[in-house]
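Written out below as structure tokens is the structure these notes cover.
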Amino acid sequence: MTPEHVKCLIIGSGPAGYTAAIYASRANMKPVLYQGEQPGGQLTITNEVDNFPGYPNGVNGPQMMQDLEAQARRFGTDIRYGLVTKVIFAEQPGPGNPHRAIVDDKYEITADSVIISTGASAKWLGLPSEMRLNGRGVSACAVCDGFFFRGQDVAIVGAGDTAAEEASYLANLCRKVYMLVRRDEMRASHFMQQRVKSAHNIEILYNSATEEVLGDEDVSGVLVKNTVTGEERILDVTGFFVAIGHKPNTDIFREFLDLDDNGYILTEKGSTRTNIPGVFACGDAQDNIYRQAVTAAGTGCMAALDAERYLVTLEMQGEEIVH
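The sequence shown: position 275 = 275 (UniProt numbering), numbered continuously.
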């Protein structure tokens, strides 16, 4: 079967992918978007989004993704269920030498340009109660959800710079922040450790492992075990934040694209261009710093504009070959 050919293939959805699709469609690039394993991305498991512009009263995460998807469809984006399971990027793409992708291990599609918006997945502790209460007091993003716990007591798990930064952020909003560190020391930089230790309402609990997140409908506490003494205690908290890192969903690109040590796609400064011409990366797949819906949407816009400029150049090359 002859592979389907498209001008612009978008791999992944979420704020980055849908925004890229909106811009690409309006530029007549006729994008085809495959939504991936989690259509809509991480925001589909977020109850309330209060910090995305344009929603003065906040918005339900899944509803926001439906809105973005509908807007992309309105301008003509071909949005499809499916998972891109393999890519074969051309090192020197051009007319007659497109990039290739395999969908669901079955179908091949070729593309003049590719926009990657596969996002990153938060790392979790793996507790059943953690998953059950996700979005109901359990969160992997303090900046996103800390606002909902103003004046309350919360706990955060983690020992690195991100955990320290998020604990400090929560300390400005919450009455009390318990920071659960599994070992007898933190991995965070000296500066970040001092920042946490100087906060009057952050209590660091070393050698502390989370045994269970408590609560029926919402978080009502956390069962913590001391890894040295075996002693258990219950922390009376209404929020539980996990800050043990994220894993970018970029494994299928590893053979072709330059990645950093943590697997995030490297892009040229001030652009979304990767080391392969015609391949662009946006959203959390290439952003290990901000990881916000609004910044993901911004880079989605950038990727579509970069891809549009690339396609114009490609078309000019094609015309030169014809003549």
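Ideal Cβ positions, reconstructed from N, Cα and C, are used throughout, including at glycine.
Helix, strand or coil, according to DSSP, for residue i in the structure here?
i: HIS323; result: Summary for HIS323: the model assigns pLDDT 36, below 50, so the residue's position carries little reliability, and this model does not support an answer.
i: VAL237; result: coil
i: GLU4; result: strand
i: GLU166; result: helix
i: PRO93; result: coil
i: ASP67; result: helix
i: ILE22; result: helix
i: LEU312; result: Reading the sequence as shown, one finds Val at residue 312 and not Leu. Helix.
i: PHE280; result: strand
i: SER208; result: strand
i: PRO62; result: helix
i: ALA188; result: coil
i: MET179; result: strand
i: ALA243; result: coil
i: GLU130; result: helix
i: ILE252; result: helix
i: ALA296; result: helix
i: ARG100; result: strand
Can you tell which of the options has the C-alpha that lies nearest to the C-alpha of residue i?
i: PRO31; options: ALA304, GLU315 and THR313; result: ALA304
i: ASP250; options: ASN207, VAL237 and CYS282; result: Inspection of the sequence shows that residue 250 is occupied by Thr rather than by Asp. Of ASN207, VAL237 and CYS282, the residue nearest in Cα terms is CYS282.
i: TYR81; options: PRO56, LEU68 and GLY36; result: GLY36
i: TYR18; options: GLN317, GLY300 and THR313; result: GLY300
i: ASP153; options: PHE191, PRO248, ALA171 and GLU255; result: ALA171
i: LEU205; options: GLU232, SER189, LEU180 and LEU214; result: LEU180
i: ARG73; options: GLY119, VAL84, ALA24 and SER121; result: ALA24
i: GLU166; options: ALA101, LEU214, GLU91 and GLY245; result: GLY245
i: THR313; options: LYS106, PHE147, PRO95 and HIS190; result: PRO95
For residue i, is the classification buried or exposed, using 16 other Cβ atoms within 10 angstroms of its Cβ as the cut-off for buried?
i: ALA285; result: buried
i: PHE89; result: buried
i: ILE321; result: Only weak support exists for where ILE321 lies, its pLDDT of 46 falling under 50; the coordinates are left without a value.
i: SER129; result: buried
i: TYR34; result: buried
i: MET64; result: buried
i: TYR290; result: exposed
i: GLN317; result: exposed
i: SER139; result: buried
i: VAL228; result: exposed
i: ASP145; result: buried
i: ASP70; result: Note on residue identity: the sequence assigns Ala, not Asp, to residue 70. Per the 10 Å Cβ criterion, exposed.
i: GLY215; result: buried
i: ASP306; result: buried
i: THR46; result: buried
i: PHE253; result: buried
Could you name the residues of the same chain whose beta carbon sits closer than 6 angstroms to that of residue i, not counting the 5 residues immediately before and after it, in chain order?
i: PHE149; result: CYS174 and GLY239
i: VAL114; result: LEU9, HIS99 and VAL279
i: PRO62; result: THR44
i: ARG195; result: SER168
i: PRO248; result: ALA120, GLY263, TYR264 and ALA285
i: ASP78; result: VAL32
i: VAL84; result: ILE11, TYR34, ALA101 and VAL103
i: ASP258; result: LEU266 and ASN275
Less than 8 angstroms between C-beta atoms, sequence neighbours within five positions excluded: which residues of the same chain meet that for residue i?
i: LYS7; result: MET29, LYS30, PRO31, ALA111, ASP112, SER113 and LEU311
i: THR162; result: ALA243 and GLY245
i: GLU232; result: GLU211, LEU223, VAL224, LYS225 and ASN226
Quick one: residues in its chain with C-beta nearer than 7 angstroms to the C-beta of residue i, no 5 flanking neighbours on either side, listed in chain order?
i: LEU235; result: ALA155, TYR178, GLY221, VAL222 and VAL224
i: THR267; result: ARG273, THR274, ALA281 and GLN286
i: ALA293; result: PRO15, LEU43, VAL49 and PHE52
i: ALA297; result: PRO15, ALA16 and THR19
i: residue 326; result: Residue 326 lies beyond the range of the chain shown here (1 to 323); nothing can be said about it.
i: ASN97; result: ALA90
i: LEU123; result: Checking the sequence shown, residue 123 turns out to be Lys, not Leu. Excluding residues within five positions, the ones whose Cβ falls inside 7 angstroms are ILE244, GLY245, HIS246 and LYS247.
Can you give the beta carbon distance from residue i to residue j, rounded, assuming they're within the 8 angstroms contact cut?
i: ASN226; j: SER198; result: About 24 angstroms separates the two Cβ atoms, so there is no contact after all.
i: SER117; j: GLY12; result: 4 angstroms
i: ARG136; j: GLU255; result: With 8 angstroms as the limit, ARG136 and GLU255 do not qualify as a contact, their Cβ atoms being about 40 angstroms apart.
i: VAL237; j: VAL219; result: 7 angstroms
i: LEU127; j: THR210; result: 7 angstroms
i: ARG182; j: ALA159; result: 7 angstroms
i: ILE102; j: GLU4; result: The pair is not a contact, with the Cβ atoms about 12 angstroms apart (cut-off 8 angstroms).
i: GLU308; j: ALA27; result: 5 angstroms
i: LEU125; j: VAL157; result: 7 angstroms
Return no unless some Cβ of chain D is closer than 8 angstroms to the Cβ of residue i.
i: PHE241; result: Here there is only one protein chain, and chain D is not present.
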